[in-house]
Each structure stands twice: as C-alpha cells, then as structure tokens.
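Chains as they are written, first to last, in this note's numbering: chain A, 7 to 260; chain B, 7 to 260; chain C, 527 to 748; chain D, 527 to 748.
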C-alpha cells in the first residue's frame with residue numbers, strides 16, 4: 007500500500023539538509039505552509055536558499071525562519087511589504103542575499119524545472135534591471151529574455167486536503183504557487199488541513215496529482231489564520247490594513 | 007451581460023477564413039469536436055492548416071474534413087493509425103502536407119503560444135530526425151532543442167459542460183489537448199454536451215477559465231460516441247480493436 | 527496650477543473606458559478604486575494575478591476569508607462564474623495577452639510609453655517588483671493612473687524615465703488628474719483635458735512636444 | 527537457437543522489477559501485458575500520457591466509456607485515487623522526470639542505449655511518433671521489451687541503430703526473450719540469461735562485446 011502520510015510535522019521535514027534550496031508556497035500568508043516552517047525551524051537546517059513570492063509577514067512562518075538566521079538567500083518577487091520588518095532588517099544588515107525575480111518569471115521558472123524545460127524566452131523584464139546580464143533574443147519581432155529553471159531540494163506546500171497517494175486540492179487563492187512548486191523539488195512535503203480517504207477527491211478537480219508529492223501531514227485547522235489582524239495587505243494609500251504598522255513605501259506594487 | 011453561448015454549431019464556426027490555422031482538440035476520438043468539424047465542413051473554409059494529435063479516425067470528424075479536401079497541411083504527432091485511411095490516401099497522393107511533432111512538444115508548443123513564451127528548450131527529440139534543422143543547446147550538461155510556439159486563428163474544442171462566461175469542465179481523458187488549445191487561438195470555439203447556469207461549475211474544478219473562450223455551443227449527447235465500434239485502438243499485436251480493419255504497421259507507438 | 531480632478535473622479539473616468547465583457551486587472555493602490563465605478567448593470571471580469579478570475583468586492587468585516595485575497599493581499603470575494611488557478615497559469619494568462627486591460631500606478635511614464643513603477647532606485651531601498659513587469663507587457667491595453675506631477679511638482683510624464691524601468695514601450699494610455707494622453711507612434715497625444723487645463727500648459731509643464739488629439743484634428747503643439 | 531521465454535513470461539519478468547509505489551507508463555503493444563503481472567496486493571500507479579494517473583484495467587464490454595481511454599486508444603478504467611490532467615501537464619510529468627519507469631517496444635537498441643522504435647524509414651511509410659520520444663527521454667528508468675531477433679533473424683540489439691532514432695542514450699535496460707541486458711557506461715552488460723542462453727551466444731548473435739554481469743563479477747567476454 008502506498009501511504010505518503012506522516013504522523014506529524016517533525017517527520018514531514020526530517021532530513022532537510024543544511025544548504026538546501028527550499029520552495030515555500032504562499033502569497034502573503036494565503037497558502038503559506040506555516041506549520042511546516044515552524045517544524046523546519048525546530049529541525050534546525052540552516053544556510054538555506056528560500057524561493058517564495060514574499061519574504062515573510064509579521065513574525066510568523068517564513069519571517070520566523072528568517073529571524074532565526076537560517077536563510078542565506080531569498081529568491082522572490084516581492085520581499086518588501088509593510089510587515090516584512092524581519093527581512094528588511096536582515097537585508098539592510100547584509101545578512102541575507104536577495105535575488106529579485108518578476109512574479110510571472112518566478113512561477114514559470116519553477117514550472118520549467120518541474121516540466122523538464124531547459125530554459126525559455128520570456129517577454130517579461132526585457133529592457134529592465136532584472137534582465138541585466140541575461141541573454142536576449144528577438145523572435146517574430148518581439149524581444150525576449152532567456153530564463154532558466156528554478157529547481158529545489160525540497161518544496162513546502164500548504165493545501166486544503168490530500169489523500170494517502172498525495173493527491174491534493176487547494177482552497178481559493180491559497181492555491182497560488184502550490185501546484186507548480188510541488189513539481190519542482192526532489193522532495194515535496196505538503197501540509198493539509200485534513201487527510202481524506204483515497205477515492206474521496208474528485209479526479210477532475212485534483213490540482214496536484216500525487217506523483218509530485220512525497221509526504222503529506224495533516225495540521226488541522228490553521229489556527230494562526232484567526233490569530234489576529236489580517237496581515238500583509240495595504241489600503242489604497244499604501245497604509246497597512248493591520249494595526250501592526252510599518253510604513254509602506256509609496257508606489258509599492260504587490 | 008456576457009453571453010458567449012451561440013444557438014447552433016453553424017454560428018459557432020461562422021467567419022473561419024480560408025487559409026486559417028485551426029487547433030482541433032481530441033486524442034483519437036476522445037475529446038474530438040466532431041459536431042464543430044461537421045459544421046466547419048458545411049461552412050466551407052478551405053486551405054486549412056490543422057493542428058491535432060491525430061489525423062482523423064474512420065470517416066467522421068477530422069477524417070471527413072480531410073476527405074473533403076479542405077486541409078492543406080496537418081501538424082500532428084500520430085497521423086498513422088489503423089483507421090486513418092483518409093489521411094493515408096491523401097498523404098500518399100501528395101495532397102496533404104505533414105509536419106510531425108513529438109506529442110509532448112506539440113502540447114508544450116501550443117501552451118507556449120497561449121502563455122506568451124517566445125520559445126523553449128525541450129529535451130524531447132534531441133538527436134532525432136524531428137530535430138533536424140532546429141537549434142540545439144547544452145544546458146547544465148543536457149542537450150535540448152529549441153521549439154517555437156504554435157498559435158492559431160481558431161481552436162475547436164470539445165468539453166463536457168460550460169457556462170455563459172465560457173468556463174469549462176471536461177470529462178475524463180477527453181480533456182487531453184482542450185485546455186491548452188483553448189489558450190492559443192485568436193478565436194476559441196467550444197462544443198459542450200450542455201450549457202449550465204453561471205455559478206453551477208465548481209470554481210476549484212474549472213479546467214478552462216472563460217477568459218480563453220469566445221463561443222460555446224451545446225450539442226447534447228454526442229451520438230456518434232455510440233454509433234458503432236470503438237475506433238482508434240489496437241490490440242497487443244497492433245491489430246485494430248474495431249472490425250473496420252486496416253493493417254497496423256508493426257511497432258506502432260500511439 | 528490648473529484644474530485637477532479628484533482621484534475618485536479619475537477612477538470613474540477610467541472605468542468609463544472599459545467596455546462590458548472586458549477582462550481587467552487593477553493594480554494595487556489607486557487603480558483598485560476603478561472597481562468602485564464599474565457600472566453595476568454590466569459584467570466586467572476582474573483578474574487578480576494570485577489566481578482568480580471573477581473577483582468580487584470586499585467582504586463584510588465578519589466574512590473575511592484569509593484564503594481569498596487579491597494581489598494587494600486584501601480580503602475579497604469571488605463572484606458566481608469565478609475560477610481559481612495556479613500562479614503559472616495566472617501569469618500565462620497575462621503574458622499570453624488574454625487580459626484586455628490593466629490599470630497600473632506609475633513613478634514615471636516616458637513619451638514613448640516606457641513605464642517606471644517598481645523602484646525609485648533610492649540607495650538603501652529594498653527592491654520589490656511583484657507582478658508589475660508581467661502586467662506591463664501582458665495586457666492588450668496598459669492604462670496608467672497617476673498624478674501628472676509629484677508632490678514636489680516634478681512631471682511624471684517625461685522624455686525618458688530616470689527611474690528603473692518596469693517595461694519598455696508598454697503603456698497604451700495615461701490617465702492623469704489633469705488630462706488623458708495616448709501613447710502613439712508619433713509621441714504623446716492629448717486625448718482629453720479636464721477643466722481649464724490646456725494642451726499648451728501640459729506641454730509647458732512637461733517640457734514635451736505633445737500632439738493635440740482633443741479635437742477632431744490632431745495637430746502638433748510646441 | 528537457444529531458449530526463448532514467452533511474451534507473457536517476459537512481461538512477468540519485467541513486472542517483477544517494478545517496486546511498489548512506482549509510477550509507470552506502459553507503451554502500447556506488448557508492454558501493456560506487463561500490467562497483467564503486477565502483483566495484485568501492491569499499489570503501482572499507471573500513467574497514460576493522454577491525461578490520467580491511476581489507470582485501471584479494461585472495463586467490461588458493456589461498460590466501455592469512449593471518453594476514458596489509454597494511449598493505445600483502448601477503453602480503460604480509473605482507480606480510486608486517480609487524477610485527470612491536460613496534455614501539457616501530462617507531458618510535463620514525463621519530461622520532468624517524475625515517472626519511475628516506462629516500458630517501450632523497440633525496432634533497435636544500440637549498445638549505448640540509443641532507441642529506435644518509431645519509424646523504419648521505409649519509403650512510402652507514413653511517419654508517426656506520438657509520445658515515444660517524450661517517454662524515451664523522460665522516465666527515470668527506460669525499459670525496453672523486445673524480441674532479441676527480428677522475424678528474419680536480425681539482432682535488434684546493435685552497435686548503432688540504422689533506423690531513425692527515438693532517443694539518444696536513453697535506454698536503461700533491455701528485456702528480451704533470451705536475456706536481460708543493462709546499458710552501462712562501459713557497454714551492454716548481460717544481467718540475466720534465460721534457460722540455456724549464454725553470454726557467449728548473445729555476443730555471437732549480436733556481434734557485440736558484452737559484459738557478463740550474470741554472476742557476482744562483471745567480466746568482459748568476446
């Protein structure tokens with residue numbers, strides 16, 4: 007019998023080595039695998055390269071991992087948020103490296119790794135700082151920049167429900183990077199609210215087939231979702247939605 | 007109100023011009039938009055380039071379009087099947103051009119067109135006849151061939167159900183090329199068994215969001231599915247599953 | 527200083543240019559105001575790049591769902607007819623040219639339609655780009671919503687951007703608090719002025735050669 | 527001629543090498559027989575490239591569903607735990623190295639692991655490749671199931687393929703009716719012989735230098 011479920015988050019993150027590249031799902035805190043990150047902090051791996059859309063919110067999850075000094079480098083599209091004070095401090099102190107990637111190139115580079123694409127020409131970023139040093143090519147009159155896959159040792163993903171084969175469904179916009187990240191790592195570890203019996207997920211609605219998944223752990227209701235203000239968002243003037251204010255730079259674009 | 011539904015297949019295929027490139031969904035007859043192809047035959051467009059995995063089965067659908075002499079060129083991965091006698095005859099008579107593409111490169115090239123990728127490096131086909139004349143590159147020690155997008159004027163797709171915004175769900179392996187083809191055409195035309203009210207499709211299970219769809223037509227139960235033997239398959243010795251035998255070349259690989 | 531319209535009035539002005547049936551992405555910040563002025567009796571489908579088409583308005587305070595947010599990480603709702611998808615699919619939608627319109631903020635827009643809206647390049651600033659570069663090159667029409675002048679009076683419509691670029695020659699039209707300008711192959715064309723704003727004044731304050739497209743004839747002014 | 531095992535026996539032999547939990551694609555034709563010999567008390571998940579993981583056996587004749595077929599366009603079923611996906615995702619799965627094993631037929635396999643199985647290059651033949659090239663380079667282990675000799679007695683394991691290639695240096699292991707051979711950096715290694723087949727006879731009939739890996743020691747034979 008195939009059984010990819012593991013009984014607790016400690017076993018889910020066991021064996022992650024120092025120096026690993028780790029894909030971390032989520033957009034802000036929607037889909038962020040906070041319980042797995044907490045287990046990774048306890049597990050102790052360090053000198054990590056983290057690939058994630060953001061660089062942590064508040065003091066939980068990815069921000070907590072950063073605060074512990076476990077992260078050597080962040081690859082992300084939008085590190086600076088009103089509540090990214092942990093990353094901001096480390097970055098300004100020169101204690102964490104940053105590779106900034108436009109969000110769509112980030113998603114597509116991760117997909118490319120999972121889908122066996124050697125590299126691809128993207129129109130995004132052409133003529134900007136973020137394409138400097140990269141090969142460009144004109145195809146059918148349009149300019150493109152050559153982008154390479156981002157593959158990882160481990161992916162940490164949060165989904166709504168999974169079965170013992172590792173099939174996953176997500177919930178609303180918490181899906182975000184989960185399905186592509188699950189394809190691009192040597193070991194894909196998933197936290198779900200609940201594990202369901204094989205055959206109870208609609209095969210037409212499975213967003214991540216189990217072939218991409220190595221370990222699934224149930225974390226129950228994600229309590230931190232209710233543990234305070236709605237973090238990460240800003241109002242129309244760029245001021246934080248939450249009370250935990252820090253100033254949001256003018257013109258911030260997601 | 008947005009209403010992409012059209013009342014009949016004739017209106018669904020209206021305006022398809024001579025010389026168009028047309029993506030046609032389906033793998034064998036699963037997911038083949040036979041009712042739309044019938045309407046296209048009646049509509050009369052000619053000198054077409056058809057992109058489809060196969061080159062028709064028996065005498066219906068794509069085979070019927072070929073038999074009418076409307077197709078100048080086929081781009082496909084597996085034209086030769088035991089019941090592809092229409093294509094076989096035209097090809098041998100020099101009346102239809104063929105561009106043979108490995109199936110995964112076909113799917114990925116269509117996806118690339120829909121996703122705005124200028125070109126991509128694929129490991130499939132490297133060192134084979136099907137990569138001759140194409141640029142190759144070694145990336146991280148592996149060889150790749152540069153593949154370009156396949157975009158089209160029109161896509162004809164068959165799905166199970168759709169709503170007036172064009173959201174689609176498919177059925178089992180009839181999904182196949184539908185979701186990628188829907189993204190890669192200027193005009194995407196979809197036949198569905200039934201049109202359902204907006205809001206009745208599970209937003210987590212929509213396989214083609216309506217943004218990719220221009221016209222949806224309901225065709226009811228696809229009667230041709232029951233209209234005879236199960237066509238297209240071969241047994242373990244390569245002999246046709248259907249009674250309508252033609253000899254299958256030894257070693258045929260899907 | 528000539529007439530300035532309010533940010534709400536500008537949002538309404540932009541909304542009026544978006545036809546029914548359009549697929550639209552509204553960038554975070556001021557562009558989100560455009561949603562408030564889309565006609566209630568028309569269907570315009572909003573895309574948010576974190577994986578949702580058919581985005582609805584903000585929920586009631588007691589109905590916030592942390593799994594359902596927009597690109598600005600604000601709580602939103604999903605309409606009937608919505609669909610969820612993952613990030614690679616969502617950005618394929620943008621990059622593949624399937625969005626009709628996006629509305630973005632700007633630090634600067636050049637007379638050739640170059641956009642700078644992600645970084646001022648200030649020393650010590652932490653860079654963050656998000657989906658801005660994908661939106662800028664992806665949508666069929668890229669509308670910029672911005673004040674004409676910075677708080678210190680510098681024009682944001684410029685001969686060439688001095689801030690780091692978001693995209694090259696990607697802007698279709700610029701909606702400012704004084705006027706609406708189209709990016710054309712021949713340069714910027716003033717399409718509409720608000721109140722007592724004149725094309726001549728716009729040309730003077732920006733220092734640019736502007737085409738006058740406010741009438742039936744487009745004629746060049748100094 | 528030495529001992530030949532039957533096609534069913536060969537399929538059983540291949541099945542015995544596939545561990546529980548493997549993700550496996552069985553090419554059309556003879557490789558599909560392998561499914562009949564997978565142990566019923568173990569879970570091995572079958573992939574079919576037309577968009578299904580968790581493929582089950584053929585349905586009863588009165589339960590055929592034309593929308594549910596395999597790559598050979600035969601009616602199949604879906605197991606509990608199955609998932610459907612589109613073609614780009616399905617081939618991403620293959621190309622991305624997620625399948626543990628695929629089993630393919632062959633016209634020829636070279637001593638370096640080159641595979642020819644899609645075209646004999648015969649004049650007038652209509653070429654068709656399907657998913658063969660993607661499978662050949664995609665799976666972690668590419669097993670070939672083939673007769674050692676053609677009907678006319680020519681070896682199908684050769685120094686260099688004369689038929690058009692499907693993939694370069696892609697084959698992991700060749701299961702023939704006489705012996706099992708591994709492709710190694712040093713050449714072909716005979717892993718197992720059936721009945722009275724000897725390594726020497728295999729070397730003679732193929733005209734190749736073969737390594738003997740049937741014992742605990744691998745030693746080269748002429």
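Note that the Cβ used here is the ideal one computed from N, Cα and C, for glycine as well.
Going along chain A, which residues have a C-beta under 8 Å from residue i?
i: residue 579 of chain D; result: 215, 216, 217
Sort out for me which residues DSSP pairs residue i with in a bridge.
i: residue 79 of chain A; result: A:55, A:103
i: residue 771 of chain C; result: Residue numbering for chain C in the displayed model covers 527 to 748; residue 771 of chain C lies beyond these limits and cannot be assessed.
i: residue 641 of chain C; result: C:635, C:693
At 7 Å on the CB atoms, spell out the chain B contacts of residue i, in chain order.
i: residue 610 of chain C; result: 209, 210
i: residue 569 of chain C; result: 7, 8
Exposed or buried, which one is residue i when buried takes at least 16 other CB atoms within 10 Å?
i: residue 741 of chain D; result: exposed
i: residue 41 of chain A; result: buried
i: residue 20 of chain B; result: exposed
i: residue 280 of chain B; result: In the structure as shown, chain B begins at 7 and stops at 260. Residue 280 of chain B is therefore absent and cannot be evaluated.
i: residue 236 of chain A; result: Note that residue 236 of chain A has pLDDT 49, beneath the 50 cutoff, so the model's placement of it is unreliable and the number below is only indicative. Counting Cβ neighbours within 10 Å, residue 236 of chain A comes out buried, since at least 16 surround it.
i: residue 656 of chain C; result: buried
i: residue 13 of chain A; result: exposed
i: residue 651 of chain C; result: exposed
i: residue 746 of chain D; result: Bear in mind that a pLDDT of 47 at residue 746 of chain D, under 50, signals an unreliable position, so the model cannot answer this.
i: residue 739 of chain C; result: buried
i: residue 682 of chain D; result: buried
i: residue 719 of chain C; result: buried
i: residue 213 of chain A; result: buried
i: residue 10 of chain A; result: buried
i: residue 252 of chain B; result: No answer about residue 252 of chain B holds up, because its pLDDT of 35 lies below 50 and its placement is not dependable.
i: residue 26 of chain B; result: buried
Run through chain A and tell me which residues come within less than 7 Å of residue i, C-beta to C-beta.
i: residue 749 of chain C; result: Given a span of 527 to 748 for chain C in the structure shown, any question on residue 749 of chain C remains unanswerable.
i: residue 148 of chain B; result: 124
i: residue 145 of chain B; result: 124, 125
Quick check on the DSSP output: the beta strand (DSSP E) that includes residue i runs from which residue to which?
i: residue 17 of chain A; result: From DSSP, residue 17 of chain A is part of no beta strand (DSSP E) but of the alpha helix (DSSP H) over 15-18.
i: residue 738 of chain D; result: 736-738
i: residue 579 of chain C; result: 578-582
i: residue 46 of chain B; result: Element bounds for residue 46 of chain B: not the beta strand (DSSP E) but the alpha helix (DSSP H), 40-49.
i: residue 164 of chain A; result: 158-168
i: residue 148 of chain A; result: 148-153
Counting only Cβ pairs nearer than 8 Å, list the residues of chain C close to residue i.
i: residue 169 of chain B; result: 607
Residues of chain D with CB closer than 7 Å to the CB of residue i, please, in chain order.
i: residue 204 of chain A; result: 606, 607
Taking the alpha helix (DSSP H) that residue i falls in, what are its first and last residues?
i: residue 95 of chain A; result: 91-98
i: residue 114 of chain A; result: 109-121
i: residue 634 of chain D; result: Counting along the chain, residue 634 of chain D falls outside any alpha helix (DSSP H), though it belongs to the beta strand (DSSP E) covering 634-636.
i: residue 540 of chain D; result: 533-541
i: residue 663 of chain C; result: 658-664
i: residue 72 of chain A; result: 68-73
i: residue 613 of chain D; result: 613-621
Applying a beta-carbon distance threshold of less than 8 Å, which residues of chain B neighbour residue i?
i: residue 126 of chain A; result: 118, 123, 124, 125, 126, 127
Please list, in chain order, the chain A residues whose beta carbon lies closer than 9 Å to that of residue i.
i: residue 697 of chain C; result: Within chain A, no residue comes near residue 697 of chain C; the closest Cβ sits about 13 Å away, beyond 9 Å.
Report the neighbours of residue i on chain D: residues whose CB is nearer than 8 Å to its CB, in chain order.
i: residue 27 of chain B; result: Residues of chain D passing the Cβ test: none, with the nearest at roughly 18 Å.
i: residue 134 of chain B; result: 659, 690, 691, 692, 693, 694
Are any of the Cβ atoms in chain F nearer than 9 Å to that of residue i?
i: residue 573 of chain C; result: Note that chain F does not occur in the displayed structure, where the protein chains are A, B, C and D.
Could you tell me which chain C residues have their CB closer than 9 Å to the CB of residue i, listed as they occur along the chain?
i: residue 106 of chain A; result: 653, 654, 655
Is the beta carbon of residue i within less than 8 Å of some heavy atom of the ligand NAP?
i: residue 697 of chain D; result: Of the ligands one can find in the structure shown there are none, so the ligand NAP has no counterpart to examine.
Residues in the segment 72-97 of chain A having any Cβ partner in chain C nearer than 7 Å:
83, 84, 85, 86, 94, 97
Of all the residues that make up the segment 109-120 of chain B, which are near chain C by a beta-carbon distance shorter than 8 Å?
117, 119, 120
Mind listing which residues of the segment 613-624 of chain C have their C-beta closer than 9 Å to chain B's C-betas, in chain order?
Hits within the stretch, in order: 614, 615, 617, 618, 619, 620, 621, 622, 623, 624.
Contact list for the segment 171-197 of chain B against chain D, Cβ threshold 8 Å:
176, 177, 178, 179, 180, 181, 182, 183, 184, 185, 186
Closer than 9 Å, Cβ to any Cβ of chain B: which residues of the segment 535-551 of chain C, in chain order?
Of all residues in the segment 535-551 of chain C, the ones placed with a Cβ closer than 9 Å to any Cβ belonging to chain B are 546, 547, 549, in chain order.
Can you pull out the residues from the segment 31-58 of chain B whose beta carbon lies closer than 9 Å to at least one beta carbon of chain D?
33, 34, 35, 36, 37
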